Amino acid sequence: MSDALRSLKWMEPAIDVCRLGAFLLFVALGLLAAWRGGGSEARRRVDALLVYVLVVTALVGLAQQESWPFAQWALVSGLSPRRIRSLEVQALDAQGRGCVVDLRVLQPLSPEEFASWLYANLGRLKPAGREALARFLLRRAEEGRQRLRRGERVAPNQWLLGWLTAPYHFHDAKTWRQPSQVPATPFTGVRAFFLEWDVEERFRHPERITRRLLFELDGAGS
Amino acid sequence: MAPAPDVGSSAWAAFWYRPGSARNLAAARILLAATALWVVLSRADLPSVLAFPDELWSQVSPERRLRFLIVFDLSVERILYAALHLTLLTALLGVLPRMSCLLSGLLLYHFAPFETIIRTGNPYLRGLTIPTLGLLVMSFSRSGDALALRGGWRRQLPPPAPSWEYAWPLRLVQVLFCQIYLFAAYSKLFASGGSWLEADNIRGHLLVLNQALSETPEASWGYALARQPALCAGIAWAGLLLELAFPLVLVSRTARVLLLPSAFAFHVANSVLFRIFFQNTPLLLLFVDWQRLLAGRREAT
Chain A
50 MSDALRSLKW MEPAIDVCRL GAFLLFVALG LLAAWRGGGS EARRRVDALL VYVLVVTALV
110 GLAQQESWPF AQWALVSGLS PRRIRSLEVQ ALDAQGRGCV VDLRVLQPLS PEEFASWLYA
170 NLGRLKPAGR EALARFLLRR AEEGRQRLRR GERVAPNQWL LGWLTAPYHF HDAKTWRQPS
230 QVPATPFTGV RAFFLEWDVE ERFRHPERIT RRLLFELDGA GS
Chain B
-2 MAPAPDVGSS AWAAFWYRPG SARNLAAARI LLAATALWVV LSRADLPSVL AFPDELWSQV
58 SPERRLRFLI VFDLSVERIL YAALHLTLLT ALLGVLPRMS CLLSGLLLYH FAPFETIIRT
118 GNPYLRGLTI PTLGLLVMSF SRSGDALALR GGWRRQLPPP APSWEYAWPL RLVQVLFCQI
178 YLFAAYSKLF ASGGSWLEAD NIRGHLLVLN QALSETPEAS WGYALARQPA LCAGIAWAGL
238 LLELAFPLVL VSRTARVLLL PSAFAFHVAN SVLFRIFFQN TPLLLLFVDW QRLLAGRREA
298 T
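Chain order of the listed sequences is A and B.
Take the first sequence: its letter number 152 is residue 201 in the numbering used here, and every next letter is one higher.
Take the second sequence: its letter number 205 is residue 202 in the numbering used here, and every next letter is one higher.
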């Protein structure tokens, strides 16, 4: 059933409006329940709110189709894949030397969100779009490099709470820890790769990873 | 306060309307606002996603923008985001509690999707789902009758008498929280069937998540566990049983004593072994009887 519903992708815009309706009805019923009134009348309004929330959350949970903030709560529900991929971004200095970028520089966007988007949309990106993304990555990497060289935190999210910052759902790899990990001179280019590997094979042979270049922007900015 | 109707003898009435404590409801308001504020303070300049390259926004339909009212420019969004910090703080402190909770809930509904909107309008794993719903429920109720700057904190008023009006909102938020575990278990069986429980599947998840998210997966606890098939199978069964059993905390004090610490340990283990973090772990405290705890401490002193 879930697959059948997902195949109706063309209906997604209309479904989004319905989801807005489901949320607004929740708020409306809540405000009605909050209205001062007699005991049994007040209870009837609260009953309506409770029944509505239970029905909507049951439908969402059982059908495993979101209507956020009513969530289906699928958590690590699939079977583990044999092969996986992850995003690696290398920034280049003026001499063309590569430096693996700490993807926390993308915050407030999480690295896995950006990587998932890239995987789903890379095929439809035109050259100008790839260049715009590359420039965006280069700017973010350079800002991160400058922060690290100044002795500040690489992750923008840590601006106030430091190590007490709420992590994303998936813990990020903390690639940059010391200023010596980045060059003293500005980054001038960038390359993005998907790293791909067989899970069991990498368990036995950690070096068995293939790199697929997605796009690059060289030091001259082309 | 509305006159007290008969609680009634039905299971429905007994569950939702058995008189509850104003302090417990107020504690829920504080927990929800504090959790949301923690997450919001941990997302630097969230509105700046609007200024990301147009390509990233190319798959966001006008209907999806409308769904979350993402129609303002960056400067307006930054003002609204600052306002969210303020309303969460006032909700936490109990200043104009209903209005603060209502505005917080609506602003959270608007801003939480910013984290995922380029890919999906479903930010359910970002820590703001229960606070969004919960703070709206708090705004529909008398959650400011205790533990609020305008009341008990300033003048040390005695807490109001237990009432059905303090019961149902807390029960509703607790039910919403329990659904996380129940539907997490259901989704595993729905998507993968009994195969999800096999040791190889858990081992695979341990390897995948540590390979993808650790700098040195070989040195991770997840890798160490992946080498023990019996432990992998044990973890699968223990995790699924905990998720299925968790809703018992709604009806059993014994279940609370057993399952709340177990759930805490479960989230710590998920974080260490699977590198999965659950931002709503502090909301396990929604099930603590604060009224009883505070009264007990007062008697002891």
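From the three backbone atoms N, C-alpha and C, an ideal C-beta is built for every residue, glycine too.
In this text, all values refer to a predicted model and were calculated from it rather than measured experimentally.
Classification of residue i by the beta-carbon crowding that lies within 10 angstroms, buried from 16 upward
i	result
D51/B	exposed
E245/A	exposed
C229/B	buried
D70/B	exposed
G236/B	buried
Q121/A	buried
I232/B	buried
Y217/A	buried
V150/A	buried
K58/A	exposed
K43/A	Nothing can be reported for residue 43/A: it is not among the residues displayed for chain A, which extend from 50 to 271.
T234/A	exposed
T213/B	exposed
L266/A	buried
Q276/B	buried
R199/A	exposed
A143/A	exposed
A19/B	buried
C98/B	buried
Paired residues, beta bridge with residue i - DSSP
i	result
Q139/A	V149/A, R240/A
F119/A	S116/A
S160/B	G17/B
I133/A	W246/A
I114/B	Answer is none; I114/B lacks a bridge partner.
I300/B	Here chain B comprises residues numbered -2 to 298, so residue 300/B is not present and cannot be evaluated.
Option in the options with minimal Cα separation from residue i
i	options	result
Q227/A	Y168/A, V104/A, L197/A	L197/A
F242/A	L187/A, E192/A, C148/A, L262/A	L262/A
F311/B	S211/B, E240/B, L283/B	Because chain B is modelled from -2 through 298, residue 311/B falls outside the range shown and cannot be assessed.
A71/A	R179/A, S116/A, L174/A, R85/A	S116/A
L241/B	S138/B, T87/B, Y183/B, L86/B	Y183/B
L99/A	E250/A, L74/A, V125/A	L74/A
L278/B	L22/B, F187/B, A31/B, N21/B	In the sequence as displayed, the identity of residue 278/B is Thr instead of Leu. Cα-wise, what sits closest to T278/B is A31/B.
D286/B	D197/B, L203/B, L22/B, W9/B	L22/B
S138/B	P155/B, V265/B, T126/B, V170/B	V170/B
Q113/A	Y121/B, T213/B, L255/B	Y121/B
F111/B	R294/B, R224/B, V37/B, P128/B	V37/B
A33/B	P59/B, T129/B, V68/B	T129/B
A123/A	W35/B, L179/B, L93/B	L179/B
T106/A	A41/B, V57/B, L104/B, V172/B	V172/B
A82/B	E195/B, S39/B, A8/B, A11/B	The residue asked about is misnamed: residue 82/B is His in this sequence, not Ala. Of E195/B, S39/B, A8/B, A11/B, the residue nearest in Cα terms is S39/B.
I76/B	S45/B, A25/B, P244/B	S45/B
L69/A	L108/A, F119/A, W225/A	F119/A
N206/A	L80/A, R253/A, P160/A	P160/A
Beta-carbon spacing of residue i, residue j below 8 Å
i	j	result
F49/B	Y78/B	no
R116/B	S165/A	yes
Q288/B	V248/A	no
L141/A	G147/A	yes
L144/B	G102/B	no
L239/B	A260/B	yes
L206/B	G17/B	no
V218/B	Y14/B	Before going further, note that residue 218/B is Trp rather than Val in the sequence given. Going by C-beta atoms, W218/B is not nearer than 8 Å to Y14/B.
L152/A	L167/A	no
G127/A	S189/B	yes
R260/A	R251/A	no
P255/A	E215/B	yes
A25/B	S140/B	yes
L104/B	T84/B	yes
As assigned by DSSP and simplified to three states, the class of residue i
i	result
W246/A	strand
E265/A	strand
S39/B	coil
G17/B	strand
T251/B	helix
S268/B	helix
I27/B	helix
R257/A	coil
S271/A	Residue placement at S271/A is flagged as unreliable, the pLDDT there being 44, under the threshold of 50; the coordinate-derived value follows with that caveat. Three-state DSSP puts S271/A in coil, outside helix and strand.
F219/A	strand
I232/B	helix
I67/B	coil
D96/A	helix
L146/B	coil
W225/A	coil
V231/A	coil
Cβ-heavy atom distance, residue i to the ligand GTP, below 7 Å
i	result
Q195/A	Inclusion of the ligand GTP in the displayed structure is not the case, the ligand content being empty and no account of it being possible.
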